Amino acid sequence: MGSTIVRCDRFLERAAKNEIVKGWKPDLIFYIPFNIEDGSKLDYDNAKAFAAEGDYIFIAIARYGYITVYDKSTGKLVGRIEPGDNVHKQSGWCDFNYAINVMQREDGSYLILHEENAFAKILCYSWNPVSTKK
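Under the working numbering, read the sequence shown as residues 1 to 134, first letter to last.
Okay, here's the thing in structure tokens:
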């Protein structure tokens, strides 16, 4: 998917009013951490797919099967979601471009569906960011 997400607030509205002019800058340029394989087997952090929902950007990591979560307004890392004991903490290759879907529920929690090909499953996570804030 690449290593950069650019957020342009009210883009369609601004374009319709011809406000998109030379020198216009995006509201946020967000660089996703990316490491090229060097043989160490410790650097497989390349992003495969993402979903933006509510206040967050959810990024499916290609090889390890975890999801990194970033604050949509600042681009700062919020945390990481990993497979749990109910799937023996096993996940792996996420191998297609739309491998993650996220829906925010009325109570503020998120339902996250994440494809992974290594063990042939779709993982379903329920995450409540309100309960993780201190």
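Even glycine gets a Cβ: it sits at the ideal position worked out from N, Cα and C. Since the model is a prediction, treat every value here as computed from it, not as a measurement.
**Asked** Considering Phe11, what are the terminal residues of the alpha helix (DSSP H) in which it resides?
**Response** Taking the sequence shown and counting its residues from 1, one reaches residue 11 at position 11. Per DSSP, Phe11 belongs to the alpha helix (DSSP H) from 11 to 16.
**Asked** Relative to the C-alpha of Asp55, which residue among Arg63, Ile29, Ala49, Gly75 is closest?
**Response** Translated into the one-based positions of the sequence shown, residue 55 becomes position 55. Nearest C-alpha to Asp55: Gly75.
**Request:** Could you pull the start and end residues of the beta strand (DSSP E) that Gln104 belongs to?
**Result:** Sequence index remark: in the sequence shown, residue 104 carries index 104 (1-based). Counting along the chain, the beta strand (DSSP E) containing Gln104 begins and ends at 100 to 104.
**Asked** How long is the line joining the alpha carbons of Gly84 and Ser91, rounded to whole angstroms?
**Response** Here residue 84 corresponds to residue number 84 of the sequence shown, with the count starting at 1. Here residue 91 corresponds to residue number 91 of the sequence shown, with the count starting at 1. Approximately 9 Å between the Cα atoms of the pair.
**Prompt:** Rounded C-beta distance between Phe58 and Ile20? I'm assuming under 8 Å.
**Reply:** Within the sequence shown, residue 58 is the residue found at index 58, counting from 1. Within the sequence shown, residue 20 is the residue found at index 20, counting from 1. The Cβ separation is near 28 Å, so there is no contact.
**Request:** Grab the span of the beta strand (DSSP E) containing Asp71 for me, first residue to last.
**Result:** For the purposes of this step, residue 71 is taken as the residue at position 71 of the sequence shown. Counting along the chain, the beta strand (DSSP E) containing Asp71 begins and ends at 67 to 71.
**Prompt:** Going by alpha carbons, who is nearest to Trp93 out of Ala15, Ala60, Cys8?
**Reply:** Position 93 of the sequence shown, counting from 1, holds the residue named residue 93. Here the closest residue by C-alpha is Ala60.
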